[in-house]
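Accompanying notes for the structure given below.
And the structure:
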């Protein structure tokens, strides 16, 4: 399965280089669930030059990421058990870095253009919600 995904990505990059435009859609959730116990990621990127980097260790971690615009960046690190992160970026040049440690923490971040946010969430059962306009 991994080799098949790598092949699709390589073909898409070749198409991008020769035609100037390519759409690539890869479902990462099932791949990640096989390599970590019941962890999952759902990434939707609409626009150009958006970056999403998710690192999960432990079990029961889940991240839902939406980027709509240009030059947005998300970094999520989840360590422990049962964390959930929901991050939405609209507009351009947003950045978020979220580190979750402990158990059963929830964070929701929404950004609307040229906003930057970094947080480390530790403990058990903490909830954080941030909206940046």
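Residue numbers (mature numbering (1 follows the signal peptide of the UniProt record, and there is no 0)): -22 to -1, 1 to 111. Don't be surprised by glycine CBs; every beta carbon is placed ideally from N, CA and C. No experiment lies behind these values; they were computed from the predicted model shown.
Minimum C-alpha distance to residue i - residue among the options
| i | options | result |
| --- | --- | --- |
| residue 30 | 37, 106, 20 and 104 | 20 |
| residue 61 | 33, 95 and 25 | 33 |
| residue 55 | 36, 28 and 92 | 36 |
| residue 67 | 22, 100, 77 and 106 | 22 |
| residue 27 | 18, 100, 73 and 85 | 73 |
| residue 99 | 18, 57 and 88 | 57 |
| residue 95 | 71, 18 and 59 | 71 |
Straight-line Cα distance separating residue j from residue i
| i | j | result |
| --- | --- | --- |
| residue 53 | residue 39 | 14 Å |
| residue 110 | residue 90 | 6 Å |
| residue 24 | residue 69 | 10 Å |
| residue 93 | residue 16 | 32 Å |
| residue 76 | residue 82 | 15 Å |
| residue 115 | residue 59 | Since the first and last residues shown for the chain are -22 and 111, residue 115 lies out of range. |
Cβ-based neighbour list, residue i, same chain, cut-off 6 Å, excluding 5 preceding and 5 following
| i | result |
| --- | --- |
| residue 42 | 20 and 64 |
| residue 105 | 84 |
| residue 107 | 86 |
| residue 45 | 23, 28 and 67 |
| residue 51 | 29 and 73 |
Where residue i falls, given that 16 or more other Cβ within 10 Å makes a residue buried
| i | result |
| --- | --- |
| residue 97 | exposed |
| residue 102 | exposed |
| residue 48 | exposed |
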